[in-house]
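I have placed the structure first, in the form of structure tokens, so that the comments after it can refer back to it.
Number of protein chains: 2
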Amino acid sequence: MTGTTENPQAARRSDATRATILAAARERFAADGYEKATIRAIARDARIDPSMVMRYYGNKAGLFAAAVAIDPGLPGMTFDSPEEIGRTLVRHFLTLWEENEEFTALMRVGATDTAAAERMQVVLREQLIPLARRVGPDPEQAAARAALCASTVLGLALTRYVLRFPASVALGHEEIVDWLGPTLQRYLTAPTP
Amino acid sequence: MTGTTENPQAARRSDATRATILAAARERFAADGYEKATIRAIARDARIDPSMVMRYYGNKAGLFAAAVAIDPGLPGMTFDSPEEIGRTLVRHFLTLWEENEEFTALMRVGATDTAAAERMQVVLREQLIPLARRVGPDPEQAAARAALCASTVLGLALTRYVLRFPASVALGHEEIVDWLGPTLQRYLTAPTP
DNA sequence: AACTTAGGCCAACGCGTGTTGACAGTCCAG
DNA sequence: CTGGACTGTCAACACGCGTTGGCCTAAGTT
């Protein structure tokens, strides 16, 4: 410890370095995935020595875990009107995805890493399924409806932010909301077909 | 060459080995992605020496290219009625995905490899967009409509075959067709919202 | 001023990888 | 029966990786 009195919140001199590492890690993981984002490359981006990464985050897995700590914050969401749930959700995800690159990183890594896939599944289980239960007509179908919504949102994210299909990148925000909003709305609230 | 007369189609003794390697490669790439699917592991599965892989396929990239040669065959598709296009497409993709693992392999690798992502994009450009142009109301919007269809289908594939979300795996074939069919139908044929 | 401690760099280790070339067994045409 | 091409094995190479421990410097405490 730095001070004589134990003060856990004391700002360390190394906090800036820690943050720099984390930012570089997020960027690399989002751009390259887990294997190709080497600790050496991340350290080079952060202009520090690779061994510092180990000192602060233990190992590569620890660094990744620290770099992608996501929370879509679905439980706190409120909707103006029941008919706008789908469109509001699409807008919410769209901003979420474009403001922090953790989501892209998690998707890239999740494609080949079971632990990362598990983390995404937690979001589905703890946030999307409860939301489907909240707004949907039949609670026992909430899991299926939530899964369809997840596949819709993640499908767009995949083609737009991961694979970067030009036709998907070219879509405007409101255009996406107009097309995908009704889809989510139907998956969540329409009677079982 | 083996014979005196040049015969390109002559069955070589090594054809069986070639096929074994390719099958093992497909399986490994689909299960592990590009980096984690090592040549040594593939060779072990095929019960041959790693150097054989190099002899027959040049290098790892060549092996991958040979292992995932996909063609959804959309241009040849016919539809009983215009209202059934969406549902027919969903059924088509579902069987395609469950009968050969090339698609899963290509998705896993495409998440971190630009070349693989490009290969998927070719399918969109050469097959899905033309189909959208064929059945849609406005040709100049074909790219956007096709992109939405791609994101729908790939989203399902992602959550069901790559990330393996239980809620998505649990969905039955006809259940998926019932939910996703109308979505594709709308993306392809509905007037611009 | 002397001492302690945290922050940072450097060189190295062991390992698994893709890839290569030399060597041995096997088939088949002449 | 014999020569040459084909199929397969083995051992090794060079490289980049994650990870480690020792050393130096600068800051902060007493």
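Chains as they are written, first to last, in the working numbering: chain V, 1 to 193; chain Z, 194 to 386. Every residue, glycine too, gets a C-beta built ideally from N, C-alpha and C.
Name the chain V residues whose beta carbon is nearer than 7 angstroms to that of residue i?
{"i": "Val355 of chain Z", "result": "Ala111"}
{"i": "Arg141 of chain Z", "result": "Limits of chain Z in this structure are 194 at one end and 386 at the other, which puts residue 141 of chain Z out of reach."}
{"i": "Thr288 of chain Z", "result": "Per Cβ cutoff of 7 angstroms: no residues; Thr288 of chain Z is ~18 angstroms from chain V at best."}
{"i": "Gly352 of chain Z", "result": "The question names Gly, yet the displayed sequence has Thr at residue 352 of chain Z. Result: Ala147, Ala150, Ser151, Leu154."}
{"i": "Thr376 of chain Z", "result": "Thr183"}
{"i": "Ala336 of chain Z", "result": "Ala167"}
With residue i as the anchor, note down where its alpha helix (DSSP H) starts and where it stops.
{"i": "Ser344 of chain Z", "result": "335 to 350"}
{"i": "Leu180 of chain V", "result": "173 to 189"}
{"i": "Ser244 of chain Z", "result": "243 to 250"}
{"i": "Asp225 of chain Z", "result": "208 to 229"}
{"i": "Gly62 of chain V", "result": "60 to 67"}
{"i": "Ala111 of chain V", "result": "Segment: none, Ala111 of chain V is in no alpha helix (DSSP H) and carries neither H nor E."}
{"i": "Ile263 of chain Z", "result": "From DSSP, Ile263 of chain Z is part of no alpha helix (DSSP H); its letter is neither H nor E."}
{"i": "Leu96 of chain V", "result": "85 to 99"}
{"i": "Pro275 of chain Z", "result": "No alpha helix (DSSP H) holds Pro275 of chain Z; DSSP gives it neither H nor E."}
{"i": "Pro323 of chain Z", "result": "322 to 328"}
{"i": "Ala43 of chain V", "result": "39 to 46"}
{"i": "Pro386 of chain Z", "result": "Segment: none, Pro386 of chain Z is in no alpha helix (DSSP H) and carries neither H nor E."}
{"i": "Val362 of chain Z", "result": "359 to 362"}
For residue i and residue j, what's the separation of their Cα atoms in angstroms?
{"i": "Pro268 of chain Z", "j": "Gln320 of chain Z", "result": "6 angstroms"}
{"i": "Tyr249 of chain Z", "j": "Arg44 of chain V", "result": "38 angstroms"}
{"i": "Glu199 of chain Z", "j": "Phe358 of chain Z", "result": "Residue placement at Glu199 of chain Z cannot be trusted, given a pLDDT of 41 that sits under 50; what the coordinates show is reported in the next sentence. Rounded to whole angstroms, Glu199 of chain Z to Phe358 of chain Z spans 53 angstroms at the Cα level."}
{"i": "Arg206 of chain Z", "j": "Arg284 of chain Z", "result": "39 angstroms"}
{"i": "Gln334 of chain Z", "j": "His366 of chain Z", "result": "30 angstroms"}
{"i": "Arg15 of chain V", "j": "Arg108 of chain V", "result": "With the sequence shown as reference, residue 15 of chain V is identified as Asp, and Arg is not the correct amino acid for it. When rounded, the distance between both Cα atoms is 28 angstroms."}
{"i": "Val355 of chain Z", "j": "Thr385 of chain Z", "result": "32 angstroms"}
{"i": "Lys60 of chain V", "j": "Ile39 of chain V", "result": "7 angstroms"}
{"i": "Ala19 of chain V", "j": "Glu27 of chain V", "result": "12 angstroms"}
{"i": "Ala190 of chain V", "j": "Gly136 of chain V", "result": "8 angstroms"}
{"i": "Ala146 of chain V", "j": "Thr152 of chain V", "result": "10 angstroms"}
{"i": "Thr271 of chain Z", "j": "Gly374 of chain Z", "result": "16 angstroms"}
{"i": "Thr95 of chain V", "j": "Ala144 of chain V", "result": "25 angstroms"}
{"i": "Val68 of chain V", "j": "Arg160 of chain V", "result": "20 angstroms"}
{"i": "Thr197 of chain Z", "j": "Tyr227 of chain Z", "result": "Summary for Thr197 of chain Z: the model assigns pLDDT 34, below 50, so the residue's position carries little reliability, and this model does not support an answer."}
{"i": "Pro8 of chain V", "j": "Phe257 of chain Z", "result": "Residue placement at Pro8 of chain V is flagged as unreliable, the pLDDT there being 46, under the threshold of 50; a coordinate-derived value is accordingly withheld."}
{"i": "Pro139 of chain V", "j": "Ile129 of chain V", "result": "9 angstroms"}
{"i": "Met194 of chain Z", "j": "Glu291 of chain Z", "result": "Because Met194 of chain Z carries a pLDDT of 38, less than 50, the predicted location of this residue cannot be relied on, and the following value inherits that uncertainty. Their Cα atoms are separated by approximately 39 angstroms."}
{"i": "Asp242 of chain Z", "j": "Thr17 of chain V", "result": "47 angstroms"}
{"i": "Leu158 of chain V", "j": "Ile235 of chain Z", "result": "28 angstroms"}
{"i": "Leu148 of chain V", "j": "Trp179 of chain V", "result": "15 angstroms"}
{"i": "Val177 of chain V", "j": "Arg87 of chain V", "result": "6 angstroms"}
{"i": "Ala194 of chain V", "j": "Val122 of chain V", "result": "Coverage of chain V is limited to positions 1 through 193, which leaves residue 194 of chain V absent and any answer about it impossible."}
{"i": "Phe286 of chain Z", "j": "Arg240 of chain Z", "result": "33 angstroms"}
{"i": "Ser51 of chain V", "j": "Ala117 of chain V", "result": "28 angstroms"}
{"i": "Thr104 of chain V", "j": "Thr297 of chain Z", "result": "19 angstroms"}
{"i": "Asp225 of chain Z", "j": "Arg327 of chain Z", "result": "37 angstroms"}
{"i": "Gly251 of chain Z", "j": "Glu368 of chain Z", "result": "44 angstroms"}
{"i": "Ala343 of chain Z", "j": "Ala150 of chain V", "result": "15 angstroms"}
{"i": "Gly255 of chain Z", "j": "Asp113 of chain V", "result": "24 angstroms"}
Could you tell me which chain Z residues have their CB closer than 9 angstroms to the CB of residue i, listed as they occur along the chain?
{"i": "Gly33 of chain V", "result": "Gly226, Glu228, Ala304, Thr305, Asp306"}
{"i": "Ala117 of chain V", "result": "Val355, Leu356, Arg357, Phe358"}
In chain Z, which residues lie with their C-beta within 7 angstroms of the C-beta of residue i?
{"i": "Trp179 of chain V", "result": "Leu341, Tyr380, Pro386"}
{"i": "Gly58 of chain V", "result": "The premise fails here: Gly58 of chain V is roughly 22 angstroms from chain Z at the closest Cβ pair, so nothing lies under 7 angstroms."}
{"i": "Leu124 of chain V", "result": "Phe358, Ala360"}
Which residues of chain Z have a Cβ atom closer than 8 angstroms to the Cβ of residue i, listed in chain order?
{"i": "Gln121 of chain V", "result": "Leu356, Phe358, Pro359"}
Quick one, are the C-beta atoms of residue i and residue j less than 8 angstroms apart?
{"i": "Ala30 of chain V", "j": "Glu101 of chain V", "result": "yes"}
{"i": "Met120 of chain V", "j": "Leu131 of chain V", "result": "no"}
{"i": "Ala66 of chain V", "j": "Leu124 of chain V", "result": "no"}
{"i": "Leu154 of chain V", "j": "Gly348 of chain Z", "result": "yes"}
{"i": "Ala304 of chain Z", "j": "Ala111 of chain V", "result": "yes"}
In chain V, which residues lie with their C-beta within 8 angstroms of the C-beta of residue i?
{"i": "Gly279 of chain Z", "result": "Here the premise fails: no neighbours, minimum Cβ distance about 12 angstroms."}
{"i": "Leu324 of chain Z", "result": "Neighbours of Leu324 of chain Z on chain V: none; closest Cβ ~13 angstroms, over 8 angstroms."}
{"i": "Leu256 of chain Z", "result": "Near Leu256 of chain Z there are no residues of chain V at all, since even the closest Cβ is about 17 angstroms away, more than 8 angstroms."}
For the ligand SAM, I want to know if residue i counts as a neighbour, meaning its beta carbon is within less than 7 angstroms of at least one of the ligand's heavy atoms.
{"i": "Thr271 of chain Z", "result": "In the structure on display, the ligand SAM does not appear, and there are no ligands present to speak of."}
Taking residue i as the query, report the chain V residues whose CB atoms sit under 9 angstroms from its CB, ordered along the chain.
{"i": "Leu282 of chain Z", "result": "The contacting residues do not exist; Leu282 of chain Z stays about 14 angstroms from chain V at best."}
{"i": "Leu267 of chain Z", "result": "Under the 9 angstroms cutoff, chain V gives no residues; its nearest Cβ is about 15 angstroms from Leu267 of chain Z."}
{"i": "Leu364 of chain Z", "result": "Ala144, Ala147, Leu148"}
(request) Tell me, please, whether the stretch 180 to 192 of chain V touches the stretch 69 to 85 of chain V by the rule of three or more beta-carbon pairs shorter than 8 angstroms. (result) yes
(request) Spell out a yes or no on whether the stretch 346 to 365 of chain Z and the stretch 253 to 272 of chain Z are touching, meaning 3 or more CB-CB pairs, one atom from each, closer than 8 angstroms. (result) no
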